[in-house]
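Written below as structure tokens is the structure these notes are about.
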Amino acid sequence: MRILLLGSGGREHALAWKLSQSNRCKHLFIAPGNAGTSQCGSNAALALNDFDGIADFCTKEMIDMVIVGPEEPLVNGIVDFLRSNMNLSGLMIIGPSREGAQLEGSKAYAKAFMHRNGIPTAEYREFDEAHYEQGLEYLRQHPLPVVLKADGLAAGKGVLICQSTDDAVSEFEQMLTKSKFGKAGNKVVVEAFLSGIELSVFVLTDGKNYVVFPEAKDYKRIGEGDTGLNTGGMGAVSPVPFADDSFMQKVTERIIKPTVNGLIREKIDYVGFLFIGLIKVDDEPFVIEYNCRLGDPETEVIIPRLKNDLVDVFVAAAGQHLDGIYVETDERVVSTIVAVSGGYPETFLKGYPISGLDTKQSADSIVFQAATLQHDGSVITNGGRVLCVSSFGYTIPEAVSRSNKVLETIYFQDIFYRKDIGYEFQ
Ligand code: AMP
Ligand code: GLY
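Below is the structure:
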């Protein structure tokens, strides 16, 4: 089978690493990929918003399956585009339709979907510019803290947790009248703050059946002890110790099943991953957000734990046969630690050579590259989150300490990583 994987992050390196282990994968292309993915297949210089170029590539290279990694092309309708191409009938695609991707692309759409389907989530109201005054009124009587969310995709920056009404009013004004988040903030969701501990649950659905992948917890803040600015993710662990059977049973009955049934009942075309961001309040699960893709860096801990052949799983999803798949999970823990460019998530420099990538690592650790580029025979940094080290262990501290040890052998100018991933599970 000839497979095209779209994306260029650590998530895509982990997927490429796993796909390339399948006997059914005859050729793997990653577009645009990074220096790490080129070890698992061939990188192809395609832009993710160039749908015509991607369709032409699929025809020319006789691609059998396309897997879409990141959210943006999904929200922009790449799946509908490829499906409507006459030359590509029979192409298997892993990724939801534009409508399905709205679960991530519009917070208001996702909240309305949850409301219609009785899925537990924070109380909310949505406001656009025409309802600005009502929004202010709502905010003035809202208990604190209050959460403001730009409706559209805002590169992970569109959620604000406001501790004072003045702050909330000022942010609300900036989003709706000063385009703080551009078009993404043309509509604002105002929601109640939920206090609890978060985890990520990953469901793959074929539009009829679903399977659940291992759950994970990510560490979003830049600083140790979960302090400082939010990032794309500084590390992750899987499994999550507090996600015991009884809690996961509640997640299945109250969240996963109503979500998949809602997609079916509402005839929303969805063949792909659904990443459910959950918060455990006391012992009850609530949905914080839906994403229409796998998480990053969560993929780098859940994919190493997956024992199945990933191509088998994707073929079953594309053919609506996921009821025949039993997800087999390695019982060991996997942790990952992300190494970032100094200054990230604010300003940082790139183009620094990375050393230590050739060091032979133990069978218990894998280096997944993210923002890396092959340049003049060496690998250089090419963004904020540069690479991550995933390690197996029988306990979280053991896995984390293995990743930390490997990171001591990797260097680039101003490298930074958190040494306390999994700190609350010692
Ligand atoms: P999102 O982009 O929706 O994932 O939100 C980013 C982060 O904001 C989440 O991971 C939570 O930590 C936090 N957050 C979002 N909504 C709420 C909420 N209703 N209550 C508490 N925290 C929230
Ligand atoms: N790690 C969070 C995300 O992928 O959105």
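Residue numbers (the numbering used here): 311 to 736.
C-beta atoms are modelled at their ideal positions from N, C-alpha and C, and glycine is treated no differently.
Note that the structure is a prediction, hence the values are computed from the model and not measured.
Item                                                                                                           : Value
Inter-stretch contact (C-beta, 8 Å, three-pair minimum) for the stretch 559–567 and the stretch 478–494        : no
heavy atom of ligand 2 below 7 Å from ASN540 C-beta                                                            : no
Residue closest to VAL550, alpha-carbon to alpha-carbon, out of GLU608, GLY317, TYR600 and SER352              : GLU608
Bounding residues of the beta strand (DSSP E) (the contiguous stretch that carries GLN684)                     : 682–685
Residue range of the beta strand (DSSP E) that includes GLY545                                                 : 545–548
4 or more residues per run - each alpha helix (DSSP H) lying fully within the stretch 368–396                  : 381–385 and 388–393
Beta-carbon proximity list for PHE391, same chain, < 6 Å, skipping 5 on both sides                             : PHE361
Inter-stretch contact at 8 Å, needing at least 3 Cβ pairs: the stretch 614–634 / the stretch 659–669           : no
Closer than 7 Å: ILE364 CB and nearest ligand 1 heavy atom                                                     : no
Closer than 7 Å: ALA502 CB and nearest ligand 1 heavy atom                                                     : yes
Straight-line gap, GLY445 to GLU599 (C-alpha atoms, nearest Å)                                                 : 22 Å
CA nearest to the CA of GLU534, picked from GLU322, LEU314, MET311 and ARG728                                  : ARG728
Nearest-residue set for ligand 2, Cβ under 6 Å from any heavy atom                                             : ASP528, GLY543, ASN601, GLY605, ASP606 and GLU608
Sequence-distant residues of the same chain with beta carbon closer than 6 Å to VAL710, five excluded per side : SER645, ILE731 and GLY732
Distance cut-off 7 Å: GLU447 Cβ against heavy atoms of ligand 1                                                : no
Those residues which DSSP pairs with GLY405 across a bridge                                                    : According to DSSP, which records beta bridges pairwise, GLY405 is partnered with nothing at all.
Closest Cα partner of GLU382 within the set ILE373, ALA420, ALA324 and GLY462                                  : GLY462
VAL598 CB to nearest heavy atom of ligand 1 below 7 Å                                                          : Before going further, note that residue 598 is Ile rather than Val in the sequence given. Yes.
Residues sharing a beta bridge with ARG531, DSSP                                                               : ASN540
Contact test: ILE471 Cβ vs ligand 1 heavy atom, cutoff 7 Å                                                     : yes
Between the CA atoms of ILE403 and PRO380 - distance to the nearest angstrom                                   : 14 Å
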